[in-house]
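These notes concern the structure reproduced below.
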Amino acid sequence: MAAALERALGSVTAGEAAAAAAAMPVPVLVLGPEGSGRTTLLLRAALAGGGDGPRALFLAPSALPRLPGGDDGGGNDPRALQRLELRYPPSLGALGRELGAVAARPRPPGLLLLDGLERYLGGAPGAPARLAALLLEAARSPGPSRPPAQVLASLCLPPPGPHVLPALRRYFPAECRLRPAPGAPLRLRARLTRPGVPPRRWRLRWPHGRLRVAPADRDSEGDEDTDADEDGDGDEAWG
13 MAAALERALG SVTAGEAAAA AAAMPVPVLV LGPEGSGRTT LLLRAALAGG GDGPRALFLA
73 PSALPRLPGG DDGGGNDPRA LQRLELRYPP SLGALGRELG AVAARPRPPG LLLLDGLERY
133 LGGAPGAPAR LAALLLEAAR SPGPSRPPAQ VLASLCLPPP GPHVLPALRR YFPAECRLRP
193 APGAPLRLRA RLTRPGVPPR RWRLRWPHGR LRVAPADRDS EGDEDTDADE DGDGDEAWG
């Protein structure tokens, strides 16, 4: 579960990788405020594994300025870049057409990533559920021998309405929350939660503009968040 994201954050053992490969992919929602590295994390997930990772389709409402570098960032690996496709549908209608065409591809992607989900929602109350359903439908296997694609989508917090998070959580059972570390610019904490699996935590920092990732213990210094705070931090205010 969430195998691509865990590879991007590191610390995946051989046994965990084998278990993830055998498990059904679980859609993951990446949450964080503006500037918290959501786009970088999605791209690292797409490029993790070098040439051995799955074919990845990355969708965003606008073009990316650059690909991520750093340790295992993949942006300098030509084998990883060969299996990454970047598409920039500017509207929900254009995004729907892109997703509708995925199943017709001769080689559908094994990893489907959507960045900037909030920019496609507009103000319609039913837009989050509609968009999530389109993503999951596009990820479905076109045949019985191929598993569904892994789905990762990013959402900027606070979300653009009180109905957005509750609607999306019905389709995304896993979440990766990115939180800026108090009083520490360019440092964040990441927490991945999935049904039936203990949470995993990492620390992220950007020395000289290059992302570095390290595992984090729950009780380590400066990581005071409780589970209740992590799961509900601002969710009441954000919907």
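For the sequence shown, the numbering used here assigns the number 251 to the last residue and increments by one with no breaks.
Where a beta carbon is used, it is the ideal one built from N, C-alpha and C, also for glycine.
For proline 227, the three-state secondary structure derived from DSSP is strand.
Within the model, the alpha-carbon separation for alanine 106 versus threonine 52 is close to 23 Å.
When the Cα atoms are used, proline 174 and proline 140 turn out to be separated by approximately 11 Å.
Glycine 65 carries a coil assignment under DSSP once its states are collapsed to helix, strand and coil.
Under the criterion of beta carbons closer than 8 Å, leucine 190 and alanine 179 do not qualify as touching, at roughly 21 Å. If you ignore the 5 residues before and after proline 194, its C-beta comes within less than 6 Å of no other C-beta in its own chain.
In this structure, the beta-carbon distance from leucine 71 to leucine 126 falls below 7 Å.
Under the 8 Å Cβ criterion, the region 161-175 does not count as touching the region 90-109, having fewer than three qualifying pairs.
Going by DSSP, proline 45 is part of the beta strand (DSSP E) stretching over 40-45. Secondary structure note for alanine 186: its beta strand (DSSP E) is the uninterrupted segment 186-192. DSSP places alanine 144 in the uninterrupted alpha helix (DSSP H) bounded by 139-151. Distance between arginine 99 and valine 209, taken at the CA atoms: about 33 Å. Glutamate 149 places its beta carbon 7 Å or farther from that of leucine 41. The Cβ atoms of alanine 68 and proline 118 lie no closer than 7 Å to each other.
Taking C-beta atoms under 8 Å as the contact rule, alanine 57 and leucine 93 fail to qualify, at a distance of about 14 Å. One Cα belongs to leucine 129, the other to glycine 44, and the distance between them is close to 12 Å. Under the three-state reduction of DSSP output, alanine 202 falls in the strand class.
Contact annotation: proline 185 and valine 38 have beta-carbon atoms nearer than 7 Å. In this structure, Ala151 is the residue among Ala151, Leu21, Leu96, Ala60 with its C-alpha nearest to the C-alpha of leucine 111. The DSSP-derived three-state label of leucine 59 is helix. Linking tryptophan 214 to leucine 146 through their CA atoms gives a straight-line distance of about 30 Å.
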